[in-house]
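Some notes on the structure that comes next.
Number of protein chains: 2
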Amino acid sequence: MSRESVIQRPGRGGQREARRAARSQRAAKLPYIRRRLPTVELLSDEAVEVIEHNAETILEEIGIEFRRDPESLRLWRAAGADVRGERVRIPRGLCRRLIATAPREFTLHARNPGRSVRFGGDATVFSPVGGPPFVSDLDGGRRYGTLADLHRFIRLSHVAPAIHFLGGCMVEPMDVPEGKRHLDVQYAFFRHSDLGCEGTPETPGHAADAVRMAGILFGDDFVDGHCVLLGNINSNSPLTFDGRMLGALREFAEHNQGVIVVPAVLAGAMGPVTPAGCMAELLAECLAGLALTQLVRPGAPAILGSFVGAISMRTGAPTFGTAEATQMIFATAQLARRLGVPVRSGGSLCSSKCADAQAAYESAHTLLPTLLAGVNLVTHSAGWLEGGLVASYEKFVLDVDQLAMMQVLAQGMDVSERGQALDAIREVGPGGHFLGCAHTQANFEAAFHQSSVADYSSYEQWSQEGRLTAEQRANAVWKRMLEEYVDPGLDPARDEALLEFMAKRRAELPDALEED
Amino acid sequence: MSRESVIQRPGRGGQREARRAARSQRAAKLPYIRRRLPTVELLSDEAVEVIEHNAETILEEIGIEFRRDPESLRLWRAAGADVRGERVRIPRGLCRRLIATAPREFTLHARNPGRSVRFGGDATVFSPVGGPPFVSDLDGGRRYGTLADLHRFIRLSHVAPAIHFLGGCMVEPMDVPEGKRHLDVQYAFFRHSDLGCEGTPETPGHAADAVRMAGILFGDDFVDGHCVLLGNINSNSPLTFDGRMLGALREFAEHNQGVIVVPAVLAGAMGPVTPAGCMAELLAECLAGLALTQLVRPGAPAILGSFVGAISMRTGAPTFGTAEATQMIFATAQLARRLGVPVRSGGSLCSSKCADAQAAYESAHTLLPTLLAGVNLVTHSAGWLEGGLVASYEKFVLDVDQLAMMQVLAQGMDVSERGQALDAIREVGPGGHFLGCAHTQANFEAAFHQSSVADYSSYEQWSQEGRLTAEQRANAVWKRMLEEYVDPGLDPARDEALLEFMAKRRAELPDALEED
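Protein chains in written order, with this note's numbering: chain A, 1 to 516; chain B, 1001 to 1516.
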């Protein structure tokens, strides 16, 4: 039995002291991350250049379909692209020249200026899961999401220390008609948290309503001069954009709001079975989409995004957290930096149906690469389950615990005099123990991330307490977090104006989603 | 609902095809890894230099205790160190000068030459958990380990594709008297697998018996000229080596066998609460231990190791997979490379009592950094549970699945013509699907790591199949792996000679472990 297996525990005094210190710590909301780590470039320059070259070849030879959006085709024609029907072939290098007007970095303004976040450079911003139609928790099981669920996830995100931004809709409120749902979603973001947020992007109309509601909240003049929303625009891989997304893209860009261009590519389904092939396709789509934002309004803020996975060769189902996905996340960040735009990828993706070891392995192998790669906006970083079909309350708790750990990791190693701790080593000397030494006592509270959900007790104690898995312990934590939520409030006049706008729009809009 | 949440599944034909392809794949044993990734250096040069400077200050000012081993003290005195009692203060720079004779890289020879492994440079070698007194599985629960358990873990390691080396004793056979146990352990390594292995290091006598048994297996002349064993030597942090470990270290080095010097440092207990402080202490201990190997026999192979974690400030219990541990793993590898010796760290460490999400998060946040940092010997990479007190059969299955994925990741992105897949993108075109295209068909079997345990089925299918967690599915996998084991055989004459030696030694040795 090696020393590596012998668990050393302090005496009862040390334990009491440790518990007292822990109780006095209230997890405070953290600002977005400024990374103090070197950025990991996993691909060689040669590999990146091959991908870049192939992306331009795809744009030039195969082209991109811009479907059911004549205005996009008009813009491309005017810019010198070869437009035949809805197929747009783009001369080599044109997209890059157009994208040069997009900002390398920009600020997204939250209604609470202290919660504004930065995209680009050394900034990393964590945002929760977006898009699932289902929710699950251990009490109620798996079910369709409701507006009440969305409110709860916004509150949880508002409370979680390392969630910096409300990106995407944590869960679709399926109890609200699809044609009017975006109003409730956008209002919920604005009302129940003072974090920055995305704008509803499903259709041009939804995007327009989001921009108008932002105008009510921030003032129209402010919105035209500042980014207060991000619109998440998915291409329809391979090599296609649909009319809804194109209209929404133009709507956000026209109003100087941020656009994220995000191909969703599962290798073997929407892309080739090889990561280098997927990345060339993905980059081609991003180049085309980002260039379009600049054709609409030069200087409009834009982000290069990727949502990557692979399909199982056994069942054809999506897989996440595999080596291929890890490589593609690193590649995405390198490609975006060379292009000079901020990058979105991430976050805590998994295929598992419950918050078990599979979910955690897959999520960790997505999240840690995302941080090391220097991704600026980490979407889907908490609560994601089952390929994104489910927002899980327990998974949310487990993920935000990991996010807080990532935030510590991103600070790099402290080599100040405090960090070097030479006096502690001198004080303790050979064969001693550090728990009681002056340096430990002085740095007790600040030392280490305190997990909200990990269990470090003995096997005997863990057994006495019911042998709970991490998922089971997380069930109590999200309930506690909801109790901790404090409403940030909203100026009553603006709140009323938002509600008035929504009532008017509800009366105008059909229940069904507008046609493409 | 964004496209990122919409799971695309191929039709029934695609699924059938995928299943047929998967069945024909038998997971083959993989050679050890030659990394084709850039090595991640997370610490700045300035930070590394601070740690190196402080390590020398510790050696010079505070010194290291070499307890109950007069021969070590004699060697240090002769080398010019300041020896008072058992405290050895070592002049700045002396250790580095001594370590210069250690090889930068070396081969550990397995009895099957095709299974020999390399330590140093771009080599990465995965080895399973070592040291636990307990085993657990979902059928039998947690219990003391037996020799039969050890045999099973050796067989599982022999079968698992991405286990390259038998490092450490996967579980202590507690049913064998402690004073004689090493004989059964060493024999089991030699007999039930043809992978390379460590030597029993608990006492000088155990180390000597391991070397003698290796002499029987490989021939004494071969052993003197080639490394066939590694001895894992733990310091007794802070700043202490005990007599047993020192005697074993000298035994291995004298016979030109590899020595791993491994401080086991949990920040806040055996080291300061700050990672930079721990690393200075850890480096000081490694420098002293590695230098001693070269005082014993210049040129003897040696590895710089670290086993790192932190204690919980709430309970004083060990924690793994935290940001501090991640930083220390990266730092260990950087320090070893600058010193010019191979590095051991790793692997799949966790504190959790079961193979749940906590176990997986903690393990992944240890394993991925270990690979990216360029660690050469990744110990404890499969089966580790509960701070190393337990070797878990299910955790072993989950971990070796991750190891195989890491082995894919380590190959880097394929940017050959196959990897670029431009023809596939041309063939499929905008709006198509890649599953049926020629490139996918041609690369079907080689594409992606096929997980042995992840579940990618639909929620409905997963529910029908009993809603099993990854841990529950792993229970069936290790039983199947044991069935797949094929005895590699052993030359009967050597086998008999080994058994004879063991019988003789058993008669000579007391049941209790020899005194320090």
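The C-beta atom is built at its ideal place from N, Cα and C for all residues, glycine as well.
In the three-state reduction of the DSSP assignment, residue 1363 of chain B falls in the helix class.
A distance below 7 Å separates the beta carbons of residue 1201 of chain B and residue 1231 of chain B.
Leaving aside the five residues that flank residue 98 of chain A on each side, the residues in its chain whose CB is nearer than 6 Å to its CB run, in chain order, 291, 294. Interface criterion not met: the Cβ of residue 1154 of chain B is under 7 Å from no Cβ in chain A. Taking a C-beta cut-off of 8 Å against chain B, the contacting residues of the segment 414-432 of chain A are 414, 415, 418, 419, 420, 421, 422, 424, 425, 426, 428, 429, 430, 431, 432, listed in chain order.
Within the segment 1089-1127 of chain B, the runs of alpha helix (DSSP H) at least 4 residues long that lie entirely inside it are, in chain order, 1094-1099.
At a cut-off of 7 Å, the C-beta of residue 1364 of chain B has a neighbouring C-beta in chain A. For residue 459 of chain A, the chain B residues whose Cβ falls inside 9 Å of its Cβ are 1134, 1142, 1353, 1386, 1389, 1390, in order along the chain.
Assigned with DSSP and collapsed to three states, residue 416 of chain A falls in coil, not helix or strand.
Boundaries of the beta strand (DSSP E) around residue 266 of chain A: 264-267. Within the segment 35-52 of chain A, 37, 38, 40, 41, 42, 43, 44, 46, 47, 50, 51 place their CB atoms closer than 8 Å to a CB of chain B, listed in sequence order. Residue pairing by DSSP places residue 1065 of chain B opposite B:1087, B:1240 in a beta bridge.
With the rule of 3 Cβ pairs closer than 8 Å, the segment 1254-1272 of chain B does not count as touching the segment 393-401 of chain A.
In the three-state DSSP reduction, residue 1070 of chain B falls in the helix class (H, G or I).
Taken through DSSP and simplified to helix, strand or coil, residue 1286 of chain B comes out as helix. For residue 1408 of chain B, the residues of chain A that pass the 7 Å Cβ criterion are 323, in the order they occur in the chain. The beta carbon of residue 169 of chain A is closer than 6 Å to those of 130, 185 in its chain, skipping five residues each way along the sequence. By the Cβ neighbour-count rule, residue 1416 of chain B is exposed, with fewer than 16 other Cβ atoms within 10 Å of its own.
Unbroken beta strand (DSSP E) stretches of 3 residues or longer found wholly inside the segment 1158-1241 of chain B: 1230-1234, given in chain order. Residue 353 of chain A places its beta carbon 7 Å or farther from that of residue 394 of chain A. Along the length of the segment 423-448 of chain A, whole alpha helix (DSSP H) runs at least 4 residues long occupy 438-442, reported in chain order. Neighbours of residue 471 of chain A across chain B, judged by C-beta separation under 7 Å: 1356, 1357. Look at residue 106 of chain A: its C-beta is not under 7 Å from any C-beta on chain B.
Within the same chain, Cβ atoms closer than 7 Å to the Cβ of residue 1266 of chain B are found at 1309, 1310, 1311, 1318, the five residues on either side in sequence being excluded. Burial of residue 54 of chain A is indicated by the presence of at least 16 other C-beta atoms within 10 angstroms of its C-beta. Of all alpha-carbon atoms in A:434, A:82, A:149, the one lying nearest the alpha-carbon of residue 60 of chain A is that of A:82. In this chain, residue 495 of chain A is not harboured by any beta strand (DSSP E); it is covered by the alpha helix (DSSP H) spanning 492-508. Beta-bridge partners assigned by DSSP to residue 1384 of chain B: B:1391.
Within the model, the alpha-carbon separation for residue 1382 of chain B versus residue 1482 of chain B is close to 16 Å. Counting along the chain, the unbroken alpha helix (DSSP H) around residue 330 of chain A starts and ends at 323-339. Contact between residue 1378 of chain B and residue 1346 of chain B holds: CB atoms are separated by about 4 Å, below the 8 Å threshold. Taking 7 Å as the threshold, the shortest C-beta distance from residue 1273 of chain B to chain A falls below it. Using a Cβ-Cβ cut-off of 7 Å, residue 1478 of chain B does not count as an interface residue toward chain A, since no Cβ of chain A sits closer than that to its own. In this structure, DSSP gives residue 1034 of chain B an extended state, which the three-state scheme calls strand.
Residues 321 of the same chain have their beta carbon placed closer than 7 Å to that of residue 361 of chain A, with the five preceding and five following residues left out of the count. For residue 1041 of chain B, same chain residues with a beta-carbon under 6 Å away, outside a window of 5 residues either side, are 1334 in chain order.
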